[in-house]
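>
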Amino acid sequence: MNTGNLLVGAGLGAALAYMLDPDTGNRRCALLRDQLVRAGRKTRGGLDATARDVVNRGRGVAAVTRARLRPEHVDDDTLRERVRAKLGHVSAHPRAIDVHVQNGNVTLRGPILASEITDVLTTVSNIRGVRAVTNELDTHESSDNIPSLQGEGKGATSRFRPSPATRALVAAGVATGVWMYAKR
C-alpha cells in the first residue's frame, strides 16, 4: 500500500468524523457553509470592483486619446487653472511658482527645488492646450534662506495606492509564477 494514499485516506476519515459528529457536526457544517458563502460573496465583490475599474480606466484612456487627437483652443484663464492644479501634484511648494499664460504659451517664474524642475516642466508641457513652456524658474538645491520654499509643503506627497486592476494584475502574475515554479 502507498503511504501517500494511506495519509490522504486517514485525513479524509478524520475530516468526515469531525463533520459528521452527532453532537456538534451540524453546527460545524453550518459554520463551514457560512464561511464558504461569505468567501464567495467577497470574491464576487472583488471581481466586480476589478471589472468596473478596468472598464473605467479603458474609458479614460479612450477619452484622453480622443482629446489629444482633437485640437482644442483653451482660454488663458482655464489653462492657468489647469497648470496650477497639476503643479500641486509634482511640486512640494506649488504656491511659490508664478504661472503666466498668453495664447497657450505658459511662462513659469519663481523659486523651485532642483529635484522638482524636470517633473514640473514635463507635467506642464503635457497639459492639454499648452503650446509652449518658458522656464524662468530660479533653481535652488535646498530650501535654506528661501522663504517660499520653507516648511514641509503640501504637494507631491501622495501615497501610492494600487487600483483594483493593478492588484489583480499583480496577483495574476504571482499566481502564474508560483504555478510555473511548481510545474518544474
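Numbering (our numbering), first residue to last: 1202 to 1385. A virtual CB, placed ideally from N, CA and C, is assigned to each residue, including glycine.
#1: Are there three or more Cβ pairs, one per stretch, closer than 8 Å when the stretch 1340–1349 is compared with the stretch 1319–1328?
#2: Quick check on this structure: which residue in R1332, A1268, T1340 and R1329 has the alpha carbon closest to the alpha carbon of R1310?
#3: Return the bridge partner residues of E1337 from the DSSP annotation.
#4: Can you list, in chain order, the residues of its chain with a C-beta nearer than 7 Å to that of A1250? Leave out the 5 residues immediately preceding and following it.
#5: Quick check on A1333 - is its C-beta less than 8 Å from some C-beta in chain B?
#6: Would you list the residues sitting across from Q1303 in a DSSP beta bridge?
#7: Should R1253 be labelled buried (16 or more other beta-carbon atoms within 10 Å of its own) or exposed?
#8: How big is the Cα-Cα spacing for R1234 and G1226?
#9: Using the rule of at least 16 other Cβ atoms within 10 Å of the residue's Cβ for burial, across every protein chain shown, is P1389 buried or exposed?
#10: Would DSSP call A1376 helix, strand or coil?
Based on what the coordinates show:
#1: Contact between the stretch 1340–1349 and the stretch 1319–1328 is absent: fewer than 3 CB-CB pairs across the two stretches fall below 8 Å.
#2: It is T1340.
#3: E1337 pairs with R1310.
#4: Around A1250: P1365.
#5: The structure shown contains no chain B; it is built from a single protein chain.
#6: Per DSSP, N1306.
#7: That one is exposed.
#8: About 12 Å.
#9: The requested residue 1389 is not part of the displayed model; the chain covers only 1202 to 1385.
#10: Correct three-state label for A1376: helix.
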